[in-house]
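Asker:
2 protein chains.
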Amino acid sequence: MPNYQARVLVNLRPSVLDPAGEAARSAANRLGVTGITKLRIGKSVELQIEAADEIEARQRLELLSDRLLANPVIEDWTLELEPCSSTS
Amino acid sequence: MPNYQARVLVNLRPSVLDPAGEAARSAANRLGVTGITKLRIGKSVELQIEAADEIEARQRLELLSDRLLANPVIEDWTLELEPCSSTS
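Line by line, the protein sequences give chains V and X.
Residues 23 to 110 in my numbering are what the first sequence spells out, letter by letter.
Residues 23 to 110 in my numbering are what the second sequence spells out, letter by letter.
1) Could you tell me which chain V residues have their CB closer than 8 Å to the CB of Asn33(X), listed as they occur along the chain?
2) For Val10(X), does the count of other Cβ atoms within 10 angstroms reach 16, so buried, or fall short, so exposed?
3) To the nearest angstrom, report how far apart Thr109(V) and Gln27(X) are at their CA atoms.
4) State the Cα-Cα distance for the pair Ala79(X) and Glu104(V), rounded to the nearest angstrom.
5) Just curious, the beta strand (DSSP E) that Ile77(V) is in, first and last residue?
6) For Val95(V), count neighbouring C-beta atoms within 10 Å of its own C-beta (all shown protein chains included) and say buried if the count is 16 or more, exposed if not.
7) Since Asp88(V) contacts Asn33(V) with CB under 8 Å, what's their CB separation in whole angstroms?
8) Count the other CB atoms, across all protein chains shown, that sit within 10 Å of the CB of Gly54(V); report buried if there are 16 or more and exposed otherwise.
9) Under 8 Å Cβ-Cβ, which residues of chain X neighbour Arg89(V)?
10) Starting from Glu44(V), follow its DSSP beta bridges and name the residues at the other end.
11) Pop quiz: Ser66(V) and Gly43(X) are said to be a contact at Cβ under 8 Å. What is the actual Cβ separation, rounded to whole angstroms?
12) Would you please state the rounded distance, in angstroms, between the beta carbons of Thr59(X) and Gln70(V)? I believe it to be under 8 Å.
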C-alpha cells in the first residue's frame, strides 16, 4: 500500500491572542534580535500514512486534523500531502 | 524597510522520543483513522521581520532560532523566508 508523507500546520486564528508568541517576541528583543513585527507560535505535525490512494489519505488526515490535531474553535490548520519515496 | 515573512519549523531530533506524538497516534487509531505509521509533533513559528535585506533577515532569524526558538540539544529547525508583499 502506498505511503504518504504529510505535514499539518496548526495555527491560532488571527483573532485569538497568543501570549506565548508575545513573550517570545519580547525575549527576541532582549536577545538583540530587532525588527520582529509579528511572532505567533503554532504546531507542526509530521505524519506518514498508508492508504490506497492520495484521496483516501487526504480524507483521513482532514478528519484527524479537524477532530484531534486542531481545536477548530481557536485554531486553523493546513494540510500538505505528498507521496513518500520510502516504502513500508 | 522591507518586510519579510518567515516560518521556523522546530522538530524533535529523530533520536528523541516523542510521547505526545505517540499519544496522538494512539488516539487517531481509537478515532478510526488507521494507517498512520509515524506522527511527531513539533512547533511552527510564523514571523514577520523588518530588515535591510534578505541576508540580514536570515542572519537574525538564524540567531533567534538557535538561541530562543529551538533547544539544539534535542531539536532541529528549518527556516523558510520570503519577501512580504504587505508594507509596514
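For each residue, glycine too, the CB sits at the ideal point set by N, CA and C.
Answerer: Working from what's here:
1) As a working mapping, residue 33(X) is identified with position 11 in the second sequence. Annotation: Cβ neighbours of Asn33(X) in chain V (cutoff 8 Å, chain order): Ser66, Glu68.
2) What the structure shows of chain X is the stretch from 23 to 110, and residue 10(X) is not part of that stretch, so it cannot be assessed.
3) Working through the first sequence from its first residue, we reach residue 109(V) at position 87. Working through the second sequence from its first residue, we reach residue 27(X) at position 5. Because the pLDDT of Thr109(V) is 49, which lies under 50, any placement of that residue in the model is unreliable, and the question is left without a value.
4) Along the second sequence, read from residue 1 onward, the residue named residue 79(X) stands at position 57. Along the first sequence, read from residue 1 onward, the residue named residue 104(V) stands at position 82. Roughly 30 Å separates the two Cα atoms.
5) Taking the first residue of the first sequence as 1, we reach residue 77(V) at position 55. Looking at the DSSP string, Ile77(V) is not in any beta strand (DSSP E); the run it does join, the alpha helix (DSSP H), is 76-86.
6) As a first step, residue 95(V) is located in the first sequence; it is residue number 73 there, counting from the start. By the 10 Å Cβ count, Val95(V) comes out exposed.
7) Within the first sequence, residue 88(V) is the residue found at index 66, counting from 1. Within the first sequence, residue 33(V) is the residue found at index 11, counting from 1. Between Asn33(V) and Asp88(V) the Cβ distance is about 15 Å, and since that is not below 8 Å, they are no contact.
8) As a working note, residue 54(V) is residue 32 in the first sequence. With fewer than 16 other Cβ atoms within 10 Å, it is exposed.
9) Locating residue 89(V) in the first sequence gives position 67, counting from the first residue. Chain X residues near Arg89(V): Leu53.
10) As a first step, residue 44(V) is located in the first sequence; it is residue number 22 there, counting from the start. Beta-bridge pairing links Glu44(V) to no other residue.
11) Looking up residue 66(V) in the first sequence gives position 44. Looking up residue 43(X) in the second sequence gives position 21. Contact doesn't hold; Cβ gap of about 11 Å is too wide.
12) On the second sequence, position 37 is the one that residue 59(X) refers to. On the first sequence, position 48 is the one that residue 70(V) refers to. Contact flag correct, Cβ pair sits at about 5 Å.
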